[in-house]
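Working notes for the structure below.
Residue numbers (UniProt numbering): 1 to 97.
In structure tokens:
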């Protein structure tokens with residue numbers, strides 16, 4: 001399992017519209033093959049900052065089954081207009097205890 005972490009800053013005043021766009025687009029992202037879970041969080045100290053957490057089967061599942069498809073285009077068309085800048089996206093692996 002791979003965790004995608006996306007740090008998203010939205011335009012001030014667009015927070016509620018961004019959250020509504022996320023709610024609309026959630027099934028588009030969550031329905032991609034290899035997507036295990038999707039969660040969006042919002043900053044308390046920085047309410048225009050959101051963090052998207054997506055569990056994927058692999059980085060390849062994210063890139064080939066979502067980013068390289070029309071699903072990504074639809075997702076980005078919904079949430080993209082609210083971005084203050086490009087999101088910072090990275091993939092992570094669990095560290096064994």
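Each residue gets a CB set at the ideal place from its N, CA and C atoms; glycine is no exception. Remember, it's a predicted structure, so these values are computed and weren't measured experimentally.
Between which two residues does the alpha helix (DSSP H) holding residue 6 run? Taken as a continuous stretch (DSSP letters only), residue 6 belongs to no alpha helix (DSSP H), being part of the beta strand (DSSP E) at 2-9.
List, from N- to C-terminal side, the beta strand (DSSP E) runs of 3 residues or more that fit wholly inside the UniProt domain "ABM" (2-92). 2-9, 35-42, 49-56, 88-92
Figure out for me which residue from 5, 20, 64, 12 has the closest Cα to the Cα of residue 32. 64
Out of 3, 8, 4, which has the shortest C-alpha to C-alpha gap to residue 87? 8
Pick from 12, 34, 18, 81 that is closest to residue 1, judged by C-alpha positions: 34
Going by beta carbon distance, what residues of the same chain come within less than 7 Å of residue 30, once the five residues before and after it are set aside? 38
Tell me which same chain residues have a C-beta within less than 6 Å of the C-beta of residue 61, skipping the five on either side of it? 34
Residue burial classification, residue 78 (beta-carbon count within 10 angstroms, cutoff 16): buried
Taking 7 Å as the limit between beta carbons, can you name the residues of its chain near residue 70, skipping five residues before and five after? none
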